[in-house]
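In what follows, a single structure is set out as structure tokens and then discussed.
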Ligand code: ACM
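In the working numbering, the protein residues as written are 140 to 522.
Here is the structure:
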């Protein structure tokens, strides 16, 4: 008799706390894909059943809930995590029990686990392109502002190394703020920026503090035409939080923007809106959360098991027509081939794509082989 038992999967995204705007979008992107899998007959007739827990943007709670999913709910696969501090809190649990985590978020790279699949951008798929774009268009005198945890420290180190390859480059400042930072906390930093006059600001601020940073910038009267903020994390969701007028003119490097002009993207956005309405704003982390579920489901259909030893060889050969383009897992490092893009926030709260790769760029999470100009095949659309 065919196995018709449901397949429980863990879903661990923050529905509350400072990164809940993105966490909720990742949760809903995951649930949309799970519903699509089930509507298409599940995994060979077996229904996917999500077990969703809220880790509250708190790494300690992530550790506890990952353990609960594995030991009490009996899941073999977890989809989850936004902040790198939360991934770092979950990895030891996943490795201890030899389970599988799908992580749908851009991050600082320099990590590998046999128990992880990384579907967000590695630094050679967003930072390298952003460094090149910003230094070519604005200059190489950089000022860095980040939230106080591992992704900003490491991402700022990478960005600094990239930018300092340019002639005339200088690091004019580097500051870290609490995750709960308010507009007032950015006041003294804006004063320093006024004195230093960098060519651009690189922000690794995440969560609710992102809106406070951009508002403090606008309040200081700075002009994005001459000294924009560049980021890897400020997506349509953060733009929605701060307001399109505050975000307009600033740049983000990401493999996915809602504005991508393709049928796959438009259809996915329309299905999402029909199912979840418009208060949850799709963004790069939503897209990765969505397509990674389909990759998992397709791998499990091939092998009929979600036990990591059987499933992993099939996960490592997956490709999928994602909203950003056809993506593929790189079996050498468990990261994903993605399409680097640069977007400039516009007056509609969307990103106008000003440059994009024609072909997917292989992930190089340890930055072993990369160069500042590496766009694979590039299209420069900035007038
Ligand atoms: C991040 O912490 N990986 C955005």
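Note that CB positions come from ideal geometry on N, CA and C, so glycine has one too.
- About 10 Å separates the beta carbon of residue 277 from that of residue 363, a gap too long to meet the 8 Å contact definition.
- If you compare the alpha carbons of 223, 338 and 313 with that of residue 242, the shortest gap goes to 223.
- The three-state reading of DSSP puts residue 224 in helix, counting H, G and I together.
- Closest by C-alpha distance to residue 390, out of 360, 353 and 172, is 353.
- The residues 261, 262, 504, 505 and 506, in chain order, have a CB closer than 7 Å to that of residue 248 in the same chain once the five nearest residues on each side in sequence are set aside.
- Here the alpha carbon of residue 479 sits roughly 46 Å from the alpha carbon of residue 140.
- Between residue 209 and residue 236, the C-beta spacing is below 8 Å.
- In the DSSP assignment, residue 256 is bridged to 241.
- Closest in C-alpha terms to residue 432, from the list 144, 150 and 143, comes 150.
- Scanning the region 413-494 from its first residue to its last, the whole beta strand (DSSP E) runs of 3-plus residues come out as 458-461, 464-468 and 480-484.
- Taking the Cα positions, residue 211 is about 36 Å away from residue 375.
- Within the region 332-403, the complete alpha helix (DSSP H) segments of 4 residues or longer fall at 348-358, 375-381 and 383-386, listed in chain order.
- Excluding its 5 nearest sequence neighbours in each direction, residue 428 has C-beta neighbours in its own chain below 6 Å: 165, 168, 169 and 243, listed in chain order.
- It is roughly 44 Å from the alpha-carbon of residue 195 to the alpha-carbon of residue 306.
- In this structure, DSSP gives residue 501 a state outside helix and strand, which the three-state scheme calls coil.
- With a threshold of 7 Å, the Cβ atom of residue 391 does not count as near the ligand ACM, since no heavy atom of the ligand is closer than that.
- Under the three-state reduction of DSSP output, residue 315 falls in the strand class.
- In this structure residue 396 is in contact with residue 482, their Cβ atoms being roughly 5 Å apart against a cut-off of 8 Å.
- In this structure, the straight-line span from the alpha carbon of residue 182 to that of residue 460 is close to 19 Å.
- Judged by DSSP in its simplified three-state form, residue 151 adopts strand.
- Around the beta-carbon of residue 193, 16 or more other beta-carbon atoms lie within 10 Å, marking it buried.
- At least one heavy atom of the ligand ACM falls within 7 Å of the beta-carbon of residue 223.
- Collapsing the DSSP output to three states places residue 194 in coil.
- Bounds of the beta strand (DSSP E) holding residue 218 are 216-219.
- If you look at residue 162, you'll find it in the alpha helix (DSSP H) that goes 159-178.
- The closest CA to that of residue 259, considering only 281, 437, 226 and 508, is found on 226.
- Separation of residue 255 and residue 292 (C-alpha to C-alpha, rounded to the nearest whole angstrom) is 22 Å.
- Just so you know, the alpha carbons of residue 282 and residue 497 end up roughly 30 Å apart.
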